[in-house]
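Q:
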Amino acid sequence: MERVGKEGVITVQDGKTLENELEVVEGMKFERGYISPYFITDAKTQMCILEDPYVLLVEKKVSNMQQLLPVLEAIVKSQASLLIVAEDVESEALATLVVNKLRAGIKVCAVKAPGFGDNRKATMQDLALLTGGTVISEETGMKLDEVTPQQLGRCKKVEIDKNNTVVMGGAGDPAGIQERCDLIRHSIETTKSDYEREKLQERLAKLSGGVAVIRVGGASEVEVGEKKDRVVDALNATRAAVEEGIVPGGGKALLYCSTKLDELKDSAANMDQKIGIDIIKKALKAPLSTIAANAGEEGAVVCGELTKEGVPVEQGYDAQNGVYTDMYAAGIIDPTKVTRTGLVDAASVASLLTTSESMIVDKPQEGGGGGPPMGGMGGMPGMM
């Protein structure tokens, strides 16, 4: 998270070695590789690497070579390289590009535009901002055969393999990129679609931060799966902590909140509100009390020790070592967001139950070691 920022994309994948690995991609990465392997420039790594290329962004299919001739002629004159990002490059144009690359030595590579539908259009606009280019689109009245070098984007380097493209060091205006990022952040806050929010967050990460991939290694599939689950949990907790901060763990934060309810109780309007406050106060003590009880201590005694006057907020109970300690110093912390949402969700469920006329629950089984009655055969009733 230090490398890619709090808005960067961090993914966790299964590794292929015994050790954990971290790969950080600086720049904009999208999941589209070269259309033809003949664009490869490094046979050892099976990658196409272009230095200081121009970037041509086309929102439609490139169907014939005549459309690309003006751009290619300008690129050849300047002895530069060219990355073409288009909806697709059809066979005739693709074949001509490959022939020119192999025979004439033109440094060129074509990749398909990332995403689909509206998301593709938005991502192409992001690429245009990042590289300082213009998206060639029929909707805006621009034609491919009329493109000038001034409408092309620039970047320091592009790395393309069969699955991914990474654009590094875009020449776009930083102020324009920042404005675009602010617009995406606003859209993230206002959208109600989880899918759309996820796509917006990916776009924001690619524009503002970077992409990090954590590959979890291990000696067996079971070990990798178990370690991967722990890494994902740690990542989610870290994201929540960065978003809203941290509080003392082990139930101490909720216990501290319970002591503040007495002030609220004095100003309660009626007896019902006072009873409600008492219920919440008891519930807030439950997590720490349960942790202490599971460690073999008396929960009420531990809660009493920690609510004495003069005990600092960060002082809590370390159940593993059986001592009272500074929870921050001991590394026993919880993300504020997790603690808060847990309390809010619990209150929501409790409110729902109090307003329900009836509830359906599992009937507790009475004592007895026998299993359930066996089913009968051939339509006969079960044997008792």
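Take 2 as the starting number for the sequence shown in the working numbering and just add one per residue.
Positions of the beta carbon are idealized from the N, C-alpha and C atoms, including for glycine.
Quick check on the burial criterion: 16 or more other C-beta atoms within 10 angstroms. Buried or exposed for Ser-209?
A: As a first step, residue 209 must be located in the sequence shown, where it is residue number 208. Counting Cβ neighbours within 10 Å, Ser-209 comes out buried, since at least 16 surround it.
Q: Which first and last residues belong to the beta strand (DSSP E) in which Pro-336 is found?
A: On the sequence shown, position 335 is the one that residue 336 refers to. Where Pro-336 is concerned, the enclosing beta strand (DSSP E) stretches over 334 to 336.
Q: So, using beta-carbon positions, are Arg-33 and Thr-124 closer together than 8 Å?
A: Taking the first residue of the sequence shown as 1, we reach residue 33 at position 32. Taking the first residue of the sequence shown as 1, we reach residue 124 at position 123. Going by C-beta atoms, Arg-33 is not nearer than 8 Å to Thr-124.
Q: Would DSSP call Asp-263 helix, strand or coil?
A: For the purposes of this step, residue 263 is taken as the residue at position 262 of the sequence shown. Helix.
Q: For the stretch 244 to 260 and the stretch 323 to 338, state whether three or more C-beta atom pairs, one from each stretch, are separated by less than 8 Å.
A: Output reads yes: the stretch 323 to 338 touches the stretch 244 to 260.
Q: State the Cα-Cα distance for the pair Gln-80 and Asp-119, rounded to the nearest angstrom.
A: As a working mapping, residue 80 is identified with position 79 in the sequence shown. As a working mapping, residue 119 is identified with position 118 in the sequence shown. Rounded to whole angstroms, Gln-80 to Asp-119 spans 35 Å at the Cα level.
Q: Quick test of the definition: if touching needs 3 or more C-beta pairs under 8 Å, does the stretch 34 to 51 touch the stretch 81 to 97?
A: Yes, they touch.
Q: Could you tell me if Gln-321 is buried or exposed, where buried requires 16 or more neighbouring beta carbons within 10 angstroms of its beta carbon?
A: Here residue 321 refers to the residue found at position 320 of the sequence shown. So Gln-321 counts as exposed.
Q: Can you name the residues that DSSP bridges to Ser-82?
A: As a first step, residue 82 must be located in the sequence shown, where it is residue number 81. Partner(s): Lys-108.
Q: Quick check on the burial criterion: 16 or more other C-beta atoms within 10 angstroms. Buried or exposed for Gly-142?
A: Against the sequence shown, residue 142 aligns to sequence position 141. Exposed, by the Cβ-count rule.
Q: Around the Cβ of Ser-82, are there at least 16 other Cβ atoms within 10 angstroms (buried) or fewer (exposed)?
A: The residue you call residue 82 lines up with position 81 of the sequence shown. The residue in question, Ser-82, is buried, as its Cβ has 16 or more Cβ neighbours within 10 Å.
Q: Would you list, in sequence order, the uninterrupted beta strand (DSSP E) runs of no fewer than 3 residues that lie entirely inside the stretch 138 to 182?
A: Taking only runs of at least 3 residues, the beta strand (DSSP E) segments lying wholly in the stretch 138 to 182 are 154 to 161 and 166 to 171.
Q: With a cut-off of 8 Å, do at least 3 Cβ pairs link the stretch 304 to 313 to the stretch 252 to 268?
A: With a cut-off of 8 Å, the stretch 252 to 268 and the stretch 304 to 313 count as touching, because enough Cβ pairs lie within range.
Q: Can you tell me the Cα-Cα spacing of Lys-282 and His-187, whole angstroms?
A: Indexing the sequence shown from 1 puts residue 282 at position 281. Indexing the sequence shown from 1 puts residue 187 at position 186. In a straight line, the C-alpha of Lys-282 is about 37 Å away from that of His-187.
Q: Quick one: give me the first and last residue of the beta strand (DSSP E) that Pro-249 is part of.
A: Taking the sequence shown and counting its residues from 1, the one referred to as residue 249 is at position 248. Start and end: 247 to 249.
Q: DSSP on Met-48, reduced to helix/strand/coil?
A: In the sequence shown, residue 48 corresponds to position 47, counting from 1. DSSP places Met-48 in strand when its eight states are reduced to three.
Q: Tell me which same chain residues have a C-beta within less than 6 Å of the C-beta of Gly-171, skipping the five on either side of it?
A: Working through the sequence shown from its first residue, we reach residue 171 at position 170. Here the set comprises Leu-131, Thr-132 and Cys-156.
Q: Here's the rule I'm using: 16 or more other beta-carbon atoms within 10 Å means buried, otherwise exposed. How should Tyr-318 be labelled?
A: The sequence position of residue 318 within the sequence shown is 317, counting from 1. By the 10 Å Cβ count, Tyr-318 comes out buried.
Q: Could you round the C-beta distance between Thr-409 and Ala-254 to whole angstroms and report it? I think they count as a contact, below 8 Å.
A: An answer regarding residue 409 cannot be provided, because it is not within the stretch 2 to 385 covered by the chain.
Q: Which class does Thr-326 belong to by DSSP, given the choice of helix, strand or coil?
A: Taking the first residue of the sequence shown as position 1, residue 326 is located at position 325. Reduced to three states, the DSSP call for Thr-326 is strand.
Q: Quick one: what does DSSP say Val-5 is sitting in, helix, strand or coil?
A: Residue 5 sits at position 4 when you count from the first residue of the sequence shown. The answer is coil: DSSP assigns Val-5 none of H, G, I, E or B.
Q: Does the beta-carbon of Val-136 have 16 or more other beta-carbons within 10 angstroms, so that it is buried, or is it exposed?
A: The residue given as residue 136 occupies position 135 in the sequence shown. Classification of Val-136: buried, given that the 10 Å Cβ count is 16 or more.
Q: Roughly how many whole angstroms lie between the Cα atoms of Met-375 and Leu-205?
A: Working through the sequence shown from its first residue, we reach residue 375 at position 374. Working through the sequence shown from its first residue, we reach residue 205 at position 204. In this predicted model, Met-375 has a pLDDT of only 48, less than 50, meaning its place in the structure is not dependable enough to derive any value.
Q: Mind checking whether the beta-carbon of Thr-326 lies closer than 7 Å to any heavy atom of the ligand HEM?
A: With respect to the ligand HEM, the structure shown offers nothing to examine, as it has no ligands at all.
Q: Three or more C-beta pairs closer than 8 Å, one from the stretch 6 to 20 and one from the stretch 231 to 238: is that the case here?
A: Flag = yes, the stretch 6 to 20 and the stretch 231 to 238 touch.
Q: Classify Asp-127 as buried or exposed, calling it buried when 16 or more other Cβ atoms lie within 10 Å of its own Cβ.
A: Against the sequence shown, residue 127 aligns to sequence position 126. When all chains shown are included, Asp-127 counts as buried.
Q: Return the chain-ordered list of same chain residues with a C-beta closer than 6 Å to the C-beta of Val-314, the five sequence neighbours on each side being excluded.
A: Here the question's residue 314 lines up with position 313 in the sequence shown. The answer, listed in chain order, is Tyr-257.
Q: How about Leu-58 and Gly-134: do their beta carbons lie closer than 8 Å?
A: Counting from one through the sequence shown, the residue named residue 58 turns up at place 57. Counting from one through the sequence shown, the residue named residue 134 turns up at place 133. In contact: Leu-58 and Gly-134 (Cβ atoms closer than 8 Å).
Q: When the Cα atoms are used, what is the spatial distance from Lys-286 to Met-29?
A: As a position in the sequence shown, residue 286 is number 285, starting the count at 1. As a position in the sequence shown, residue 29 is number 28, starting the count at 1. Near 48 Å, if we compare the C-alpha coordinates of Met-29 and Lys-286.
Q: So, under 8 Å CB-CB, Arg-181 and Ile-189 are touching, yes? Tell me the CB distance rounded to an integer number of Å.
A: As a position in the sequence shown, residue 181 is number 180, starting the count at 1. As a position in the sequence shown, residue 189 is number 188, starting the count at 1. That belief does not hold up - the Cβ atoms of Arg-181 and Ile-189 are roughly 13 Å apart, past 8 Å.
Q: Who are Lys-62's beta bridge partners in DSSP?
A: Position 61 of the sequence shown holds residue 62. In DSSP, Lys-62 forms a bridge with Asp-89.
Q: Who are the Cβ neighbours of Val-243 in its own chain at under 8 Å, not counting the five residues just before and after it?
A: Position 242 of the sequence shown, counted from the start, is the residue given in the question as residue 243. So the list reads Met-2 and Lys-7, once near-sequence residues are dropped.
Q: Thinking C-beta only, is Arg-121 closer than 8 Å to Ala-129?
A: Along the sequence shown, one-based indexing puts residue 129 at 128. Along the sequence shown, one-based indexing puts residue 121 at 120. No. Outside cutoff.
Q: Thinking C-alpha only, which one of Thr-46, Val-302 and Ala-87 is nearest Leu-145?
A: As a position in the sequence shown, residue 145 is number 144, starting the count at 1. Residue Ala-87 is the option with its Cα nearest to Leu-145.
Q: Give me, in chain order, the residues of the same chain whose beta-carbon lies closer than 7 Å to that of Thr-18; leave out the 5 immediate sequence neighbours on both sides.
A: Here residue 18 refers to the residue found at position 17 of the sequence shown. Correct list, in chain order: Gly-218.
Q: Only counting the same chain, and skipping five residues up and downstream in sequence, which positions put a Cβ closer than 6 Å to that of Thr-386?
A: Here the chain has residues from 2 to 385 only, and residue 386 is not among them.
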